[in-house]
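Written below as structure tokens is the structure these notes are about.
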Amino acid sequence: MKHSKLIGLVIFTLVLLSCRENNKRVEEVEKKPNIVFILVDDLGLHDLSITGSKFYETPNVDRIAEEGMVFEQGYAASRVCSPSRASIMTGKFTARHGITDWIGAASGTAWRKHNRHDKLLPAEYVHNLPENDVTIAEAMKAAGYKTFFAGKWHLGGEGSYPEDHGFEINKGGWDKGSPMGGYFSPWDNPKLPNIVKGENLTMRLGKETANFIKQHKDSAFFAFLSFYAVHGPIQTTSEKWQKYRDKAEDKGIAKDGYKMERVLPVRQVQDNPIYAGLVESMDDAVGVVLQALKEAGLEENTIVVFTSDNGGVASGDAFSTSNLPLRGGKGYQWEGGIREPYFIKVPWLKNGGSQSSFPVTGTDFYPTLLDLANVNLLPEQHIDGISLKPILEGEKMDIQRPLFWHYPHYGNQGGNPSSIIRENDWKLIHYWEDGREELYNLASDAGEQSNVITENPEIAEKLSKKLVDWLENVGANMPTKDPEFDMKLAAKRHQNIVKEKLPALEAERMNFLSKDFEPNNDWWGSKITQD
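Each residue of the sequence shown is one higher than the one before, starting from 103 at the first, in the numbering used here.
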């Protein structure tokens with residue numbers, strides 16, 4: 103009798119333990135994964151040590167790539183910021199949502215105020231993130247996620263801020279696209295109060311995100327960290343400048359740092375110690391966020407995304423970096439303007455260090471993150487994106503789809519009004535000034551040095567028709583001819599760039615690398631601190 107009771111007790115205990123284990127597994131399955139989306143402004147594909155830079159140092163960002171999947175052919179949806187960011191938020195290509203230039207850029211006849219003497223008047227464009235779009239933040243919020251935004255927004259003014267598009271908490275997001283007042287407190291940002299004089303803006307955004315993670319560790323969250331870095335004006339501390347100035351000297355300072363592209367000089371070397379310090383500050387802030395996840399015990403249940411909104415600034419703005427071997431940079435129609443770091447870490451998939459050559463773009467984040475979070479997809483919303491979950495799970499993506507870019511504007515970096523289609527390894531660029539086209543095979547010519555349109559007329563014709571048909575289908579806005587265009591004035595401006603701008607840039611570069619360089623007494627305010 104006692105023996106039978108003992109057997110029964112053992113069986114009951116085993117059943118109980120099994121039930122508890124099953125319940126634990128159910129809880130683990132039902133627990134929603136957290137998401138941390140890190141977006142860096144103007145970071146080029148090769149601005150990270152893990153993507154080939156021998157000058158910049160980014161150990162924390164590198165770790166995201168090492169522990170996740172690297173999409174080697176990752177693209178931004180635009181060559182400039184606002185359109186690209188709108189595509190991440192909506193899952194739509196720029197011509198479809200209508201934000202085709204950075205918000206605030208002149209269009210139409212207002213473009214003439216720049217005295218550039220261009221052939222076209224840039225197209226009009228949408229100036230606020232459309233209200234009728236369901237943003238990824240709104241989708242995540244509806245699914246029970248706590249939503250948080252920190253940093254650069256640049257998707258509209260009052261009434262179209264992050265809190266108007268699904269983010270419950272907003273730290274620093276407003277209409278401005280650059281760090282007004284600089285990277286050291288006091289800055290000018292009504293959404294981010296100044297607390298400590300001399301505080302680093304990039305680190306402050308990292309700490310705000312880390313604090314949010316700690317405060318909401320017991321609930322599912324969608325945190326979007328959108329750095330103002332590494333956008334100009336580029337600034338750093340004297341210590342970081344010294345570190346990279348010495349590193350540049352040890353590597354050997356090149357005599358020349360620029361060469362002329364079609365419109366402006368383009369940087370050829372990564373040796374700007376100010377920009378390098380700004381990149382490192384960004385990486386330091388990423389480290390703070392990753393440490394917060396670790397301390398909160400959330401590493402194994404948090405998806406981490408890392409990307410940029412357009413190519414590195416090789417020309418125009420602060421002429422900060424080189425994207426070689428890719429051609430051009432921010433604002434340009436070539437790969438240097440649209441190719442990006444594109445990392446997705448999904449801890450439970452255990453695919454750290456893996457790579458994918460499947461071409462992906464900013465519109466794919468929306469459906470991918472919904473899919474990974476087991477949230478119902480919204481195909482009518484993220485119409486131009488696809489879920490990359492199968493690739494992340496190790497499957498081969500068999501679908502073939504064209505990617506489209508539409509930029510009917512002139513930028514301040516030297517790019518031309520143009521539209522692009524990429525399908526398989528072929529990339530066709532259509533220029534709106536005169537209708538000319540370029541065709542590149544990216545598999546054999548990633549640097550876009552050989553226009554092979556003459557040798558491949560049938561491919562070019564097919565792609566051109568597909569591009570034009572798509573633009574017409576989505577109702578894309580177009581530039582118009584400027585009847586006041588003056589060829590002689592345009593030629594004179596170009597000569598001034600060659601004779602004056604290029605030498606001035608070379609002189610500035612050497613000044614940044616001189617042993618006695620000092621921007622001002624307090625190094626942009628970084629030396630002004632208070633307890």
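Even glycine gets a Cβ: it sits at the ideal position worked out from N, Cα and C.
Closest residue to residue i among the options (Cα-Cα distance)
i	options	result
V332	V415, V570, L541, E401	V415
P621	N162, P335, G268, F326	P335
K278	A178, E363, S262, G146	S262
V85	F139, N162, F619	In the structure displayed, the chain extends from 103 to 633; residue 85 sits before or after that span and is not available.
D143	G454, T249, G439, A475	G439
W626	R181, G300, N230	G300
N80	H199, I205, P224	Absent from the structure is residue 80, since the part of the chain shown begins at 103 and ends at 633.
S417	R214, Y360, E174	Y360
L494	N453, I488, W534, N478	N453
A245	A593, G549, N478	N478
Q317	Y285, R218, E397	E397
K194	R218, E168, V236, H229	V236
E226	F286, G354, L472, P581	P581
G284	I315, F329, A322, M242	F329
E560	M589, A545, W289, W528	W528
L366	A606, T409, S616, N623	A606
K273	L303, Y247, G258	L303
Y247	D320, L231, P288, D220	D320
T153	G455, G577, T249	G455
Q344	K353, R165, P375, A356	P375
M305	P292, L327, D290	L327
T463	E270, L474, L451, I446	I446
K309	D386, G268, S287, K353	D386
Three-way DSSP call (helix, strand, coil) for residue i in this model
i	result
P367	strand
S489	coil
F619	coil
S383	helix
V600	helix
Y360	strand
M580	coil
A94	The question about residue 94 has no answer here: the residues shown for the chain are numbered 103 through 633.
M171	strand
L147	coil
I271	strand
K126	Caution applies to K126, whose pLDDT of 39 falls short of 50 and renders its modelled position unreliable; the model cannot decide the point.
G455	coil
L108	Confidence at L108 is low in this model, with a pLDDT of 42, below 50, so the placement of that residue is unreliable and no value is reported for it.
G627	coil
N313	helix
K248	strand
V570	helix
V462	strand
G418	coil
G389	helix
N613	helix
M103	With a pLDDT of only 40 at M103, under 50, the local geometry of the prediction cannot be trusted, and no value is derived from it.
A398	coil
A475	coil
T423	coil
T470	helix
K243	helix
R429	coil
Residues sharing a beta bridge with residue i, DSSP
i	result
H532	S521, E539
F139	F326, V407
R441	Y177
W507	I522
E223	Looking at the sequence itself, residue 223 is Leu, so the reference to Glu does not match. Answer is T582.
K447	V406
F587	DSSP output for F587 lists no bridge partner at all.
F286	N302
G253	S328
Supposed contact pair residue j and residue i - C-beta distance, whole angstroms, cut 8 Å
i	j	result
V182	K432	7 Å
S189	T470	In fact, because the Cβ distance is near 13 Å, the residues do not count as touching under 8 Å.
Q337	L380	7 Å
D584	L222	6 Å
G176	V406	15 Å between Cβ atoms; not a contact.
Q372	F157	4 Å
S180	N412	6 Å
A322	F314	So it is not a contact: roughly 13 Å between Cβ atoms.
I238	M191	6 Å
A475	K134	6 Å
Closer than 6 Å: residue i CB and nearest the ligand MG heavy atom
i	result
Q337	This structure lacks the ligand MG, and indeed carries no ligand of any kind.
CB contact check: residue i to chain B, cutoff 7 Å
i	result
I501	Protein chains in the displayed structure number just one, and chain B is not present.
Query raised in the report: Which runs of the alpha helix (DSSP H) spanning at least 4 residues fall entirely within the segment 186-220, listed in chain order?
Result: Qualifying alpha helix (DSSP H) stretches, in chain order: 196-199.
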